[in-house]
Amino acid sequence: MWPLPGARASRCLLGSLRRAAPPPPPSPPRRAKCNLTAYMPEAGGFEEVRSPSQLQRFSVSSGERFWAAAARHRLSWISDFHTVQDCDLARGRIKWFDGGKLNVSVNCLDRHVHANPEKVALVWEKDEPGSEVKVTYGELLEMTCRLGNLLRRRGVKKGDNVTIYMPPCPLAVASMLACARIGATHNVVFAGFSAEALGERIRDAQSCAVITANQGVRGGRLIELKKTVDAAVSSCPQVRNVLVAMRTENPVEFTHKDVDMEEEMRAEEVVCEPEAMDSEDPLFLLYTSGSTGKPKALVHTQAGYLLYAALTHRYVFGYHDGDVFGCVADIGWITGHSYIVYGPLANGSTTVLFESTPVYPDPGRYWETVQRLKINQFYGAPTAIRLLLKYGDEWVQKYDRSSLKTLGSVGEPINTEAWEWYHNVVGDGRCPVVDTWWQTETGGICISPRPSDPDAEILPGMAMRPFFGINPVLMDMAGNKLTSNNISGALCISQPWPGMARTIHNDHQRFIETYFQPFPGHYFTGDGAYRSEKGYYQITGRLDDVINVSGHRIGTAEIEDVLNQCPAVAESAVIGFSHDIKGQAVFAFVVLKESVEASQADVTRELSGSVTKKIAKYACPDHIQFVQRLPKTRSGKIMRRVLRKVVERDPGGLGDLSTMEDPTVIQDIIQGHRDLLEVNQRERQ
Ligand code: WT7
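Residues 46 to 730 in the numbering used here are what the sequence shown spells out, letter by letter.
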């Protein structure tokens, strides 16, 4: 699999690329020095700002000046923008840097190739420990250009969509950047999704091509990616080409749509003219779960997204030129997009692509990787930290972690115990931990400590403070803004920022209804938060019917849809419950049809199989409880909040039951729940 060992971009290739690329940006004017300029060079022109914490307030009150300076400093433009922002949140209109033209792949590659083509862009930490592959900026540009040409030759045009179904690997990154180079949008689907889920996303995105690998390798096991793509594409007639890379040597069957990607790339030119894109042209779609049965594709655009990813990467993690940045997420999620690919590459970093698992071949894998690759910033998920904590400190202490400077956490709240362990054991009490709160919709980190700010304390288990340009507000359920401290409410962001999603693909109305109508004029996150006495934010969890399993979002309605399609099921209700490793896990209450004769064990197996087949393994219920009836309101709505209390065995009782149609229902469910726990207990012994 590319890159070929020892392959280097030839001199003549770099020569021609030099001519093809737009000129580097003008250097920013020099200003009187103050410590602020050293902290953030792009803020050097703001004479009235004296400190990093003042800068945060300034970035909110003078957002246009702040973002204009950042955009001109950090991005290379083909032509300058004329309007910094043109937004009306109530109407869902969000535009940044209008009039500007740029190419994202040029920003992530060509300008760094000018500076130093030999600098390592990617370190691919393959599943097999100790077999890492380094890819320089020169090589990554060459791969991207060849692939861009191949896509163009196969008929992919500006505005088309390409689905990428690959594990983290250099060709996956090159595929994303090749799309960006030719103006196509990409749709990366996490390579753990089933054929049905993949097919649904390919159809909804109207992809004309799919890029995949013959197989994936994870934790020593092979994953049949190409077979899954075949099954998905069989119901996607609009897909003309399937590009297949070889991750392993095992041959796969090729159909008439299939293209041997690496073979054809070799025949392509190494120069690929970048498309000049408008700031607001779409860059990618990314599907995520909401509170309905249908996953939605958030659309991110070019300039604002890239700028926001780059700026947060630099200032949240304290990234400095020359650092090795290690985000161990999968490229199939927004974390991978923003902090493996776009943020780090826009900043010219060396970024790690981690293909394995935290426990393969043993629970020391992360820290052995940190030692071997000399990782400076490590960005991971609380679920993995909690898992590793259980294996004990020796697995960490065996390895040299002196390269580490910052530790990041993302995806779900990190409990104090895990935070302390991360800080004290992994980071030897030396490295600040940044608990970063954000979402697929926000494009980049919105609330997080900024250890680079010397005045700012960090408390365990708290996302702490807003990033530049972010204005968080808490609301009560009646839509009143809560202005005091030491208070909880619905977390909203009351001002647009460049990284936010622009729409839901093919459903702008759903975009407006989901995010801007609940609290008119504000972006509603779907999360609840607490603001402490000192004004720090702590995220308390989702307020809607979305469950967060190991940091992966899944809508209860999506799982219910699958359960309800099973012939034995009359109806179902799915909720999330606390789980000590996964953060949350799935619990399903199922009412069977009267005619069902199969045993409950058989139905349970069938239902779990069905969720795996139609969605993904991570969405499978940990427990299924069969019940006679579900608790409902008089108007027929399922009362999930009561079911949640039963499962969490809330000592505070079941809450207000006055709207329940028949309160006796719940007594049967409580008894059934006790029985289920007993059975499970016995099975474990
Ligand atoms: C949801 C977004 C952001 C990339 C990964 C997940 C939860 C995320 C935190 C955090 C508490 C968090 C929220 C959010 N979440 N980070 N630091 N503390 N909760 O992206 O799949 O779009 O999920 O993850 O509930 O709404 P996503």
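C-beta: ideal position from N, C-alpha, C; glycine also.
Since the model is a prediction, treat every value here as computed from it, not as a measurement.
With 16 as the cutoff for other CB atoms within 10 Å, does residue i come out buried or exposed?
i	result
Lys202	exposed
Lys171	buried
Gln730	exposed
Met522	exposed
Glu642	exposed
Arg156	buried
Asp305	exposed
Asn392	buried
Asp249	buried
Val631	buried
Glu558	exposed
Within the present structure, is the beta-carbon of residue i separated from the nearest heavy atom of the ligand WT7 by less than 8 Å?
i	result
Ser454	yes
Arg598	yes
Pro458	yes
Arg685	no
Gln484	yes
Gly377	no
Gly571	yes
Ile584	yes
Arg587	yes
Thr481	yes
Val591	yes
Thr380	yes
Ala508	yes
Thr21	This structure gives no information on residue 21, because the portion of the chain shown stretches from 46 to 730.
May I ask you to report which of helix, strand or coil DSSP gives residue i?
i	result
Tyr444	coil
Glu170	strand
Gln99	helix
Leu330	strand
Leu637	strand
Asp671	The residue asked about is misnamed: residue 671 is Phe in this sequence, not Asp. Reduced to three states, the DSSP call for Phe671 is strand.
Met188	helix
Ser383	helix
Arg490	In the sequence on display, residue 490 carries Ile and not Arg. If DSSP states are grouped into helix, strand and coil, Ile490 belongs with coil.
Lys659	helix
Leu243	helix
Thr461	helix
Val201	coil
Ala748	Outside the modelled stretch of the chain, which goes from 46 to 730, sits residue 748, for which no answer is possible.
Asn286	strand
Glu616	strand
Arg76	Below a pLDDT of 50, predicted positions are generally treated as unreliable, and Arg76, at 42, falls in that range; the measurement from the model is reported next regardless. In the structure shown, Arg76 sits in coil (DSSP, three-state: anything other than H, G, I, E or B).
Leu352	helix
Can you list, in chain order, the residues of its chain with a C-beta nearer than 6 Å to that of residue i? Leave out the 5 residues immediately preceding and following it.
i	result
Asn531	Glu578
Pro708	Leu702
Pro408	Leu433, Tyr436 and Trp440
Leu536	Thr570, Asp572 and Ala574
Gly388	Ala354, Ala355 and His358
Leu186	Leu154 and Val158
Which residues in the same chain have their Cβ closer than 8 Å to the Cβ of residue i, if we skip the five residues on either side of it in sequence?
i	result
Arg75	Model confidence at Arg75 stands at a pLDDT of 46, short of 50, so the residue's coordinates are unreliable and nothing is read from them.
Glu314	Cys190, Arg191 and Asn194
Phe564	Met520, Gly524, Ala535 and Cys537
Asn460	Pro427, Arg431 and Gly506
Ala290	Met46, Trp47, Met211, Cys214, Leu216, Ile256, Thr257, Ala258, Asn259, Met306 and Glu307
Leu420	Here residue 420 is Ile; the residue named in the question, Leu, does not match the sequence. Cβ neighbours of Ile420 beyond the five flanking positions: Val369, Phe370, Gly371, Val397, Thr414, Ser448 and Leu449.
Quick one: what's got a C-beta closer than 7 Å to residue i's C-beta in the same chain, skipping five residues either side?
i	result
Phe556	Gly137, Thr548 and Ile549
Ala615	Val636, Leu637 and Lys638
Ala242	Lys659, Ile660 and Ala661
Glu269	Gln260
Arg475	none
Phe111	Phe103, Ser104, Phe513 and Gly514
Glu308	none
Pro612	none
With hydrogens ignored, establish whether the beta-carbon of residue i is closer than 8 Å to any heavy atom of the ligand ZN.
i	result
Thr396	No copy of the ligand ZN appears in this structure; the ligands present are the ligand WT7.
Quiz prompt | At least 3 beta-carbon pairs within less than 8 Å: the segment 156-170 vs the segment 337-348 | solution = no
Quiz item: Do the segment 522-536 and the segment 117-125 make contact, defined as three or more Cβ pairs closer than 8 Å?
Solution: no
Quiz item: Touching or not, the segment 480-493 and the segment 347-357, by the rule of three or more beta carbon pairs under 8 Å?
Solution: yes
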